[in-house]
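A.B. asks:
Numbering (the working numbering), first residue to last: 1 to 232.
1) For residue 86, is the classification buried or exposed, using 16 other Cβ atoms within 10 angstroms of its Cβ as the cut-off for buried?
2) My understanding is that residue 133 touches residue 216, with C-beta atoms under 8 Å, so please give their C-beta distance in whole angstroms.
3) Could you tell me which whole beta strand (DSSP E) segments of length 3 or greater appear in the stretch 73-107?
4) State yes or no: is the C-beta of residue 91 within less than 9 Å of the C-beta of residue 60?
5) Assign residue 203 to one of two classes, buried (16 or more other C-beta atoms within 10 Å of its C-beta) or exposed (fewer than that).
6) Note down the Cα distance separating residue 30 from residue 39, rounded to an integer number of angstroms.
7) Go ahead and label residue 197 buried or exposed: buried means 16 or more other beta carbons lie within 10 angstroms of its beta carbon, across all protein chains shown.
8) With burial defined as no fewer than 16 other Cβ atoms inside 10 Å of the residue's Cβ, what is the status of residue 18: buried or exposed?
9) Go ahead and label residue 213 buried or exposed: buried means 16 or more other beta carbons lie within 10 angstroms of its beta carbon, across all protein chains shown.
10) DSSP three-state label for residue 287, please.
11) What three-state label does DSSP hand residue 14 in the structure shown?
12) Can you look up residue 171 in the DSSP assignment and give me helix, strand or coil?
13) From residue 109 to residue 79, what distance separates their C-alpha atoms?
14) Could you compute how far the alpha carbon of residue 50 sits from the alpha carbon of residue 100?
15) Please classify residue 81 as buried or exposed, where buried requires at least 16 other C-beta atoms within 10 Å of its C-beta.
16) Classify residue 43 as helix, strand or coil using the three-state DSSP reduction.
17) Considering just the uninterrupted stretch of the beta strand (DSSP E) at residue 60, what are its terminal residues?
18) Indicate the three-state DSSP secondary structure (helix, strand or coil) for residue 188 in the structure shown.
19) Leaving aside the five residues before and after residue 227 along the sequence, list all residues of the same chain whose C-beta is less than 6 Å from its C-beta, in chain order.
20) Which residue comes first and which comes last in the beta strand (DSSP E) that contains residue 26?
21) Where does residue 204 sit, in a helix, a strand or coil, going by DSSP?
22) Just curious, the alpha helix (DSSP H) that residue 223 is in, first and last residue?
23) Between which two residues does the beta strand (DSSP E) containing residue 229 stretch?
24) Assuming the contact rule is C-beta atoms closer than 8 Å, residue 169 and residue 211 should be a hit. Round their C-beta distance to whole Å, please.
25) Can you give the beta carbon distance from residue 65 to residue 106, rounded, assuming they're within the 8 Å contact cut?
See below:
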């Protein structure tokens, strides 16, 4: 497989973590039809997922929220500390906002329903590998809103003051990029707004995450909203 310039590309390496073998088989069957994606590891619980990702570097980990031994929510913290760090996309059969927001707070790149179609699954893997949040702009806005509703009251732990402090060192172009992230825009749209290439956007996003201390795009979106860069 080659990219648009004719250069060979490396397939996106995926880890599947779900305690139901049938679910893993179904996910694997869908993903094997995408030429740019390869399943390199599988796990039946969160502890196995962490061990597999440490042994076999992966780009994207599709992780079930509910698993024995170590559930998906508990596994996120360990997965995002690996080097290289995989993008973690949570799999769930539930639409529970509590689980979604907990996963995103923990550092997940997004979530995917198990009954989403093949196109959605493949697109989600590609988006996560590219550094995009696996949430539509509308869902991102809803999740950020729910997370903001859980903010503590203004006081010593004022989240708005903390957000302002964390973005204080950003220059105007970086603030503009963070505001676009906060609006839930995908990389391609951010590239068009900033007049740069999609590949450059990923570098910009990585820099923003590093400079603000955010683990994921959704956490960066939350930070941008708390800091007043995006209207609530």
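Quick reminder that beta carbons are idealized off the backbone N, C-alpha and C, glycines included.
C.D. replies: With the given structure in hand:
1) buried
2) 7 Å
3) 87-92
4) no
5) exposed
6) 10 Å
7) exposed
8) buried
9) exposed
10) It is not possible to answer for residue 287, since the shown part of the chain is limited to 1 through 232.
11) strand
12) coil
13) 12 Å
14) 20 Å
15) exposed
16) strand
17) 60-64
18) helix
19) 163, 164, 167
20) No beta strand (DSSP E) holds residue 26; the alpha helix (DSSP H) holding it covers 21-31.
21) helix
22) 217-226
23) From DSSP, residue 229 is part of no beta strand (DSSP E); its letter is neither H nor E.
24) 7 Å
25) The pair is not a contact, with the Cβ atoms about 11 Å apart (cut-off 8 Å).
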